[in-house]
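So the sequence shown is numbered by my numbering: it starts at 1106 and just counts up by one.
Note that CB positions come from ideal geometry on N, CA and C, so glycine has one too.
Quick caveat, the model's predicted, so the values are computed rather than measured.
Note sheet for the following structure.
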Amino acid sequence: MIDVLLVDDESLTLELHRSYVERLEGFRVAGECAGARAAITAVVDGPPVDLVLLDMTMPDGTGLDVLRHIRARGSVVDVIAVTAVHDAETVRRTVGLGV
């Protein structure tokens, strides 16, 4: 079973991601976070997850902030950025952090 952490500040988006993941065989939603700080805490201090679906824009920080923090703490969790952000610099930095 692949445990997935959903991270997005929009409740509707979280609901849509949850609905999608729950329909996939072999995947389950392990948790949901509505902000960057909560996501860092969940990945670093929470039960292990296999995959993070990560938004890039949240009121309390960016997806890049989350990635920097979790990578600095040694987390190698797989991350997929699910975002409308598409500027080249953000994409380059995100890929550089293993997304």
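Asked: Within 10 angstroms of the Cβ of residue 1191, are there 16 or more other Cβ atoms? Answer buried if so, exposed if not.; Found: exposed
Asked: Just to confirm before moving on: does the CB-CB distance between residue 1205 and residue 1149 stay below 8 Å?; Found: Because residue 1205 is not part of the residues shown, which for the chain are 1106 to 1204, the question remains open.
Asked: Taking C-alpha atoms, which residue in 1201, 1189 and 1198 lies nearest to residue 1118?; Found: 1189
Asked: If you draw a straight line from the C-alpha of residue 1161 to the C-alpha of residue 1143, how long is it?; Found: 14 Å
Asked: Who does residue 1163 pair with in a DSSP beta bridge?; Found: 1166
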